[in-house]
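S.K.: Residue numbers (the working numbering): 1 to 776.
Just so you know, even glycine gets a beta-carbon here, dropped at the ideal spot from N, CA and C.
Values in this document were obtained by computation on a predicted structure and should not be read as measured data.
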Amino acid sequence: MITLEELDQISKSPLFEAFDPPALEALRLELIPLSLEPGQELFHQGDPGDSLYILLSGRLSGTECYILAEEPYIFVLSPGTCFGELALLTGQPRAATISALESSRLAKLSRQGLEQLVEKYPMFIETLNRQLIPIRRHLALVHLFGDLFSIKDDTFIDELQSQLEWIHLGNGEILFREGDPGDAMYLIVSGRLRFVTSDRKGGERMLGEASAGEYLGEFALFTDEPRTATVYAVRASELLCINRSMFERIVEQCPMIMIHLTRSIIKHSRQSIEKGKHKGLTTRNIALVPIRPEVQISVFTHDLVQALSTNHSVLFLNADRLNDLYGLPHAAQSSLNSPLHSYITAWLNEQEQKYAMVIYETDSNWSPWTVRCLEQADCILLIGESGMDFKPGEMEKKIRGRALKAQVELVLLHPSNQKQIAGTARWLANRTVRAHHHVRQNHAGDIQRLARRISGGAVGLVLGGGGARGFAHLGVIRALEKQGIPFDMVGGTSMGALLAAAAALDYDYETTLELSKKFASPLKLFDPTLPVVSFFRSEKVTRVLQTVFKDIQIEDLWRPYYCVASNLTKATEKVHRSGSLWEAVRSSLAIPGVFSPVLYEGDLLVDGAVLNNLPVDVMVELSQGGPIIAVNVFPEVDLERHYGFGPSVSGWEALFTKVVPLPAQFHQKSEPPLIFENLLRVLALNDVHQAREKRDSCDLYINPPVERFGLLEFQSYAEIIEVGYNSAMEVITANPDKLCWSQTELSRPASPPVIQLERVLSDLGSFLATLKERTN
């Protein structure tokens, strides 16, 4: 048995210094004395860990061998040293080989002995927690500096550990603000941070997010410039702060770090320049929350996980599954104030490193598991059924009360046979959500679209204006469908706005073709009037749009939709994303001088082509980095003919030539372009000028050769559709490399930095939870 003198020596260890005499006596009963002769091995590196040791006398030698290291790391243990805590608590293999340099005496505490001790003195759990902090931090440094900067020097890392500043941020806490001095960089140990900047209206514009294993703020160490964005925690996060002097020390030790940081700065600069390019997966953790207890989401959850798993590695967790995987009954519902909570969180963070996405299904009521899901979430999906009460339920009210920084989106489930939606605006009026989604149950296309949207892979389709040439869009859409290329959100201008609306309504090709025929006859669209406001009264085109779209609201479309009009009053662009569909399309079609302007909130709206004929920039913002397909039916060169008319032109002669064509020998001059052709071309000149820049923001750019068709040649719709189809098929076939985003998995970054650390902590959590249950 351990002597009283040895027990007094043990009581001075930080691990046991809080023990009172009865507790020390109980400890003495559980300790097993051991003796080692010189050269005798206590355990070997890689052996199972099941005990903690305290060196009472003598000296021990430790040897750690690393695969990448040329020489083993050797250290010496002196009397009073306590070692093996992690192995005892977690069962992790021994990290080193320990043997005696001289005759030595030790005290051994086995796992069984620890369990007996904690049953009598539960406060020992908290003591163990405190003791693990430096070990935890050391492991974090080893993995972060090893994986990020290839620094493997354990001695150097030990020196850093005492000098680095550890920062803990709760949900919503700010790391630094835009304009603050840039005097440090930060390594993210766990959690997730968001970068935002202020927009013109004083709101928040999200620039991006970063998670465990990434670093931020490095640019400031080179430039001394103020912070260009505000950074705050989306959820509880832990970071390491490296100030300038510490950074210089690290660079001196490892000059290669400069190469890593230079590459990072170049990468960030390219992302800023190519902001329209596909950036891939942005959301990692998604919480599925039923709005009311009666909402059944199990089938929906299964379908969503299956759809996400097509291109991503996905882990699904509900309360029961967490208990099974974690290995502890009732772990999911354990109190958030218990010591176990931090270890469950650590285990969940480990899963985030292993999988591209983690899908959390909350309980139908407010519970510890529901709160855990919300605290881990980057995105919260509120799930309701279209036929139920649209007002927020109790669950939503409690979520609001926690002021979470995760993005919130609304999912409305509809019957599988539903054709048209109504009343979405009422749902949105009572909530602040980033986006909303309509999903028909047992409808693969809808669930796959949702999966792409929430995983950062939503495909945007942009359809430009161009009068009758816009019929080519229908041919392009048919080609995309034939090639199995999906699109998840759609927007357009002028004629593109019309056909984009049909796509957003989920019309099939035949239905959209019938819609196109309504616009194919000038007699159905044009109603000439005294040209004081416009050449046409615009009653016919308005009536056609009202007949086709009725009282449909943009919020009620199956696909997210927008169309662009030009505000003649304020000289600004108006992007319609809500409200009456026919009114939005009508304003986007209002060619100045041809159709009358549309009155909107006291302002005059005209054709969107005036300011933005191919609204790719709008899609860049909405798709948040997802792939973009753009269709431009306005050629760079148009109205190219062998003109011969003079500086003055007779309108009567031009009209006579159009109405009564004569052989060329009877004309002294070739016919000039008509006023409508001039007007439509002038409208889009600015956009033609910017076409190259917009093309660079797209993943697939289709420019059908429709210049031989007149801008008002609506009767040629069938031929124009075919040109669009053939052109799209040719572009798709010729550019398979530009379609890799539709098939390639967006996987996690290589070398996750803290997997070993989190595994250690999660195993520890399981053990501590067992002890906790025994003491209750």
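Using three-state DSSP, classify Pro736 as helix, strand or coil.
M.R.: helix
S.K.: Which term fits Leu382, buried or exposed, when burial requires 16 or more other beta carbons within 10 angstroms of its beta carbon?
M.R.: Per the 10 Å Cβ criterion, buried.
S.K.: Just confirm the distance between the C-beta atoms of Gly460 and Leu622, as a whole number of angstroms; I'd bet it's less than 8 Å.
M.R.: 7 Å
S.K.: Could you compute how far the alpha carbon of Ser35 sits from the alpha carbon of Arg105?
M.R.: 5 Å
S.K.: From this set, Ser190, Asp389, Met495 and Val631, which residue's C-alpha is nearest Val731's C-alpha?
M.R.: Val631
S.K.: Based on the DSSP output, what are the partners of Cys82 in its beta bridges?
M.R.: Ile54
S.K.: Alpha carbon to alpha carbon, what distance is there between Val533 and Leu498?
M.R.: 23 Å
S.K.: So, is Cys563 buried or exposed, given that buried needs 16 or more other C-beta atoms within 10 angstroms?
M.R.: buried
S.K.: Which residue comes first and which comes last in the alpha helix (DSSP H) that contains Lys694?
M.R.: Ala691 to Asp696
S.K.: With DSSP run on the structure shown, which of helix, strand or coil describes Ala210?
M.R.: strand
S.K.: Apart from the five residues on each side of it in sequence, which residues of its chain come closer than 8 Å, Cβ to Cβ, to Thr744?
M.R.: Reliability fails at Thr744, whose pLDDT of 39 lies under 50, so the model's placement of it is uncertain and no value is given.
S.K.: By how many angstroms is the C-alpha of Glu294 removed from the C-alpha of Phe124?
M.R.: 44 Å
S.K.: Which residue or residues does DSSP assign as beta-bridge partners of Phe176?
M.R.: Val231
S.K.: What runs of the alpha helix (DSSP H), each 4 residues or longer, lie entirely inside the segment 472-550?
M.R.: 472-482, 495-504, 509-518, 522-525 and 539-549
S.K.: What residues in its chain sit with their C-beta under 7 Å from that of Ile447, if we drop five residues either side in the sequence?
M.R.: Asp303, Leu304, Ala307 and Val439
S.K.: I'd like to confirm the pairing. Which residues does DSSP put opposite Ile257 in its beta bridges?
M.R.: Partner(s): none; Ile257 has no beta bridge.
S.K.: Please classify Ile242: does DSSP put it in a helix, a strand, or coil?
M.R.: strand
S.K.: In angstroms, rounded to a whole number, what distance separates the CA positions of Leu207 and Ile174?
M.R.: 15 Å
S.K.: For the beta strand (DSSP E) that Met1 lies in, which residues bound it at each end?
M.R.: Segment: none, Met1 is in no beta strand (DSSP E) and carries neither H nor E.
S.K.: Which same chain residues, not among the five before or five after Leu7, have their C-beta less than 7 Å away from its C-beta?
M.R.: Leu24 and Arg28
S.K.: Going by the DSSP bridge assignment, what does Phe714 pair with across the sheet?
M.R.: When beta bridges are read from the DSSP output, Phe714 appears opposite no residue.
S.K.: In chain order, what residues of the same chain lie with their CB nearer than 8 Å to the CB of Glu409, ignoring the 5 residues before and after it?
M.R.: Counting only Cβ-Cβ distances below 8 Å, and skipping sequence neighbours, we find Cys379, Ile380, Leu381, Leu382, Val433, Arg434, Ala435, His436, His437 and Ile454.
S.K.: Out of His414, Ile359 and Ala429, point me to the one whose CA is closest to Thr392's CA.
M.R.: First, the residue type needs correcting, since residue 392 is Pro and not Thr in the sequence shown. Among His414, Ile359 and Ala429, the Cα nearest to that of Pro392 belongs to Ala429.
S.K.: Apart from the five residues on each side of it in sequence, which residues of its chain come closer than 8 Å, Cβ to Cβ, to His138?
M.R.: Ile157, Asp158 and Gln161
S.K.: Starting from Asp777, trace the alpha helix (DSSP H) in both directions and tell me its first and last residue.
M.R.: A question about residue 777 goes unanswered here, because the residues of the chain that appear run from 1 up to 776.
S.K.: Can you find the residues in the same chain that come closer than 7 Å, C-beta to C-beta, to Lys275, ignoring five residues on each side of it along the sequence?
M.R.: Bear in mind that a pLDDT of 48 at Lys275, under 50, signals an unreliable position, so the model cannot answer this.
S.K.: Note down the Cα distance separating Glu779 from Val196, rounded to an integer number of angstroms.
M.R.: Given a span of 1 to 776 for the chain in the structure shown, any question on residue 779 remains unanswerable.
S.K.: Leaving out five residues on either side along the sequence, give the residues of the same chain with a beta carbon under 6 Å from the beta carbon of Ile273.
M.R.: Any reading at Ile273 must be qualified, since the residue scores a pLDDT of 46, below 50, and its modelled position is unreliable; no value is offered.
S.K.: List the endpoints of the continuous alpha helix (DSSP H) containing Met185.
M.R.: First-last for Met185: Ala184 to Ser198, but that is the beta strand (DSSP E), not the alpha helix (DSSP H).
S.K.: Roughly how many whole angstroms lie between the Cα atoms of Leu68 and Val189?
M.R.: Here the model assigns Leu68 a pLDDT of 46, short of 50, so the residue's position is not dependable, and the following value carries that caveat. Those two C-alpha atoms are separated by around 23 Å.
S.K.: Taking one C-beta from the segment 514-522 and one from the segment 544-554 each time, how about it: are there three or more such pairs within less than 8 Å?
M.R.: Contact holds: three or more Cβ-Cβ distances are below 8 Å.
S.K.: Fully enclosed by the segment 393-479, which alpha helix (DSSP H) runs are 4 residues long or longer?
M.R.: The segment 393-479 contains these whole alpha helix (DSSP H) runs: 394-401, 424-429 and 444-454.
S.K.: With distances taken Cα to Cα, identify the nearest neighbour of Gln331 among Glu165, Trp369 and Arg695.
M.R.: It should be noted that the sequence gives Ala, not Gln, for residue 331. Nearest option by C-alpha distance: Trp369.
S.K.: Verify whether the separation of the beta carbon atoms of Ala111 and Gly46 is less than 8 Å.
M.R.: Rather than Ala, the amino acid found at residue 111 in this sequence is Arg. It is not a contact, given that the beta carbons lie outside the stated cut-off.
S.K.: Is the separation between the beta-carbon of Val231 and that of Phe176 shorter than 8 Å?
M.R.: yes
S.K.: With three or more C-beta pairs closer than 8 Å as the rule, is the segment 597-605 touching the segment 411-429?
M.R.: Flag = no, the segment 411-429 and the segment 597-605 do not touch.
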